[in-house]
Amino acid sequence: DIQMTQSPSTLSASVGDRVTITCRASQSISSWLAWYQQKPGKAPKVLIYKASSLESGVPSRFSGSGSGTEFSLTISSLQPDDFATYYCQQYNSYPLSFGGGTKVEIK
Amino acid sequence: EVQLLESGGGLVQPGGSLRLSCAASGFTFTNFAMSWVRQAPGKGLEWVSDISDSGDSPYYADSVKGRFTISRDNSKNTLYLQMNSLRAEDTAVYYCAKIMVTTNYFDFWGHGTLVTVSS
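So, in C-alpha cells, the structure goes:
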C-alpha cells in the first residue's frame, strides 16, 4: 500500500503570503496525484489533478508540481477564502490513499 | 449542474447494519465510476470503496472488506453502500464522490451523511 505524508500538518500564514505544502509518497506514483481543499463542515473540492493540472474554475494562484514521490501545492498569494485544510491523494494504485492534511490558519 | 445527494446515515448499534444511498443528477451517471470516501470526526479523509461505471470491478479498503458492499442501480442513477457488522471506528461522515473519467481522482463530492456507531 502507498502511504502519503503531508507536511506541515498546520501552517500559519497571512493574507498575501506565498504558501507551499508538500506531499511525499512511499513509492513512485508518477504524476497520479490530486490536491483537495476542504472547509469546515463542507465536502472537499478538487484543486489540482495529475500533479500539476489546474481543475476548471480554480483560481490560478493555486499550482501543483512534482512527480515520482515528491509533490507540492503552492498558493502564490494567500487570500481570505484560502484558509482551509488541504489534502493530497494518490490514484496510482489501489488502495487509494490520502495524506493526513495540512490546515492553513490565519497568522 | 452536478448533484450528489447522500442519505441513509444515522445512529446504529455496534454489530448493526445500515445502507447508504447517493442519488446522482446533472451528468450521465452510467458513464462514470463512483466512490465512497469517509471522514471520522476531526480526522482526515479515508477512501472506502469504488465501483466501475458498469457496476463490476468493485474495490474496497482493507478496513471494510468483507463487511461493506458497494453497488449501483444505473436505471435509478443511484449509488449504494451496504454496511454490515458496524464498529465504533466506522463512525464518520460518508461522502459519495464522482470519479473523473479514466482516472481515479474525485472531481465532485456530495455533502455527506453522518453514520454514528454507538450503543
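Protein chains in written order, with the numbering used here: chain A, 52 to 158; chain B, -9 to 109. Glycine included, every Cβ here is placed at the ideal spot set by N, Cα and C. Since the structure is predicted, the reported quantities are computational estimates derived from the model, not experimental observations.
Coarse secondary structure for residue i, derived from DSSP in three states
i: residue 51 (chain B); result: coil
i: residue 20 (chain B); result: helix
i: residue 79 (chain B); result: helix
i: residue 133 (chain A); result: helix
i: residue 158 (chain A); result: coil
i: residue 97 (chain B); result: strand
i: residue 14 (chain B); result: strand
i: residue 54 (chain A); result: coil
i: residue 80 (chain A); result: coil
Run of the beta strand (DSSP E) containing residue i, from where it starts to where it stops
i: residue 114 (chain A); result: 113 to 118
i: residue 126 (chain A); result: 121 to 126
i: residue 99 (chain A); result: 96 to 100
i: residue 62 (chain A); result: 61 to 64
i: residue 88 (chain A); result: 84 to 89
i: residue 39 (chain B); result: 35 to 41
i: residue 46 (chain B); result: Unbroken run through residue 46 (chain B): none, as it is neither H nor E.
i: residue 61 (chain B); result: 58 to 63
Proximal residues of chain B, C-beta to C-beta of residue i below 9 Å
i: residue 152 (chain A); result: 33, 34 and 35
i: residue 149 (chain A); result: 27, 34, 35, 36 and 37
Alpha carbon of residue i to alpha carbon of residue j, nearest angstrom
i: residue 84 (chain B); j: residue 9 (chain B); result: 11 Å
i: residue -1 (chain B); j: residue 105 (chain B); result: 5 Å
i: residue 74 (chain B); j: residue 116 (chain A); result: 41 Å
i: residue 146 (chain A); j: residue 52 (chain B); result: 8 Å
i: residue 139 (chain A); j: residue 55 (chain A); result: 8 Å
i: residue 69 (chain B); j: residue -8 (chain B); result: 15 Å
i: residue 74 (chain A); j: residue 37 (chain B); result: 17 Å
i: residue 64 (chain B); j: residue 86 (chain B); result: 15 Å
i: residue -4 (chain B); j: residue 103 (chain A); result: 30 Å
i: residue 7 (chain B); j: residue 1 (chain B); result: 10 Å
i: residue 34 (chain B); j: residue 149 (chain A); result: 8 Å
i: residue 40 (chain B); j: residue 77 (chain B); result: 21 Å
i: residue 12 (chain B); j: residue 81 (chain B); result: 18 Å
i: residue 127 (chain A); j: residue 155 (chain A); result: 14 Å
Amino acids of chain A, ordered along the chain, whose beta-carbon sits closer than 7 Å to that of residue i
i: residue 95 (chain B); result: 85, 97, 100, 140 and 142
Candidates the options, of which the one nearest residue i by Cα
i: residue 95 (chain B); options: A:134, A:108 and A:82; result: A:82
i: residue 134 (chain A); options: A:52, A:87 and A:53; result: A:87
i: residue 124 (chain A); options: A:156, A:85 and A:132; result: A:85
i: residue 118 (chain A); options: A:101, A:158 and A:130; result: A:101
i: residue 132 (chain A); options: A:90, A:52 and A:142; result: A:90
i: residue 92 (chain B); options: B:42, B:82 and B:27; result: B:42
i: residue 55 (chain B); options: B:71, B:109, B:14 and B:62; result: B:71
i: residue 102 (chain B); options: A:52, A:95 and A:136; result: A:95
i: residue 59 (chain A); options: A:78, A:151 and A:77; result: A:151
Residue i: contacting residues in chain A (beta-carbon distance under 8 Å)
i: residue 0 (chain B); result: Neighbours of residue 0 (chain B) on chain A: none; closest Cβ ~18 Å, over 8 Å.
i: residue 90 (chain B); result: 100
Chain A contact residues for residue i, given Cβ-Cβ distances below 9 Å
i: residue 52 (chain B); result: 52 and 146
Chain B contact residues for residue i, given Cβ-Cβ distances below 8 Å
i: residue 94 (chain A); result: 85, 99, 100, 101 and 102
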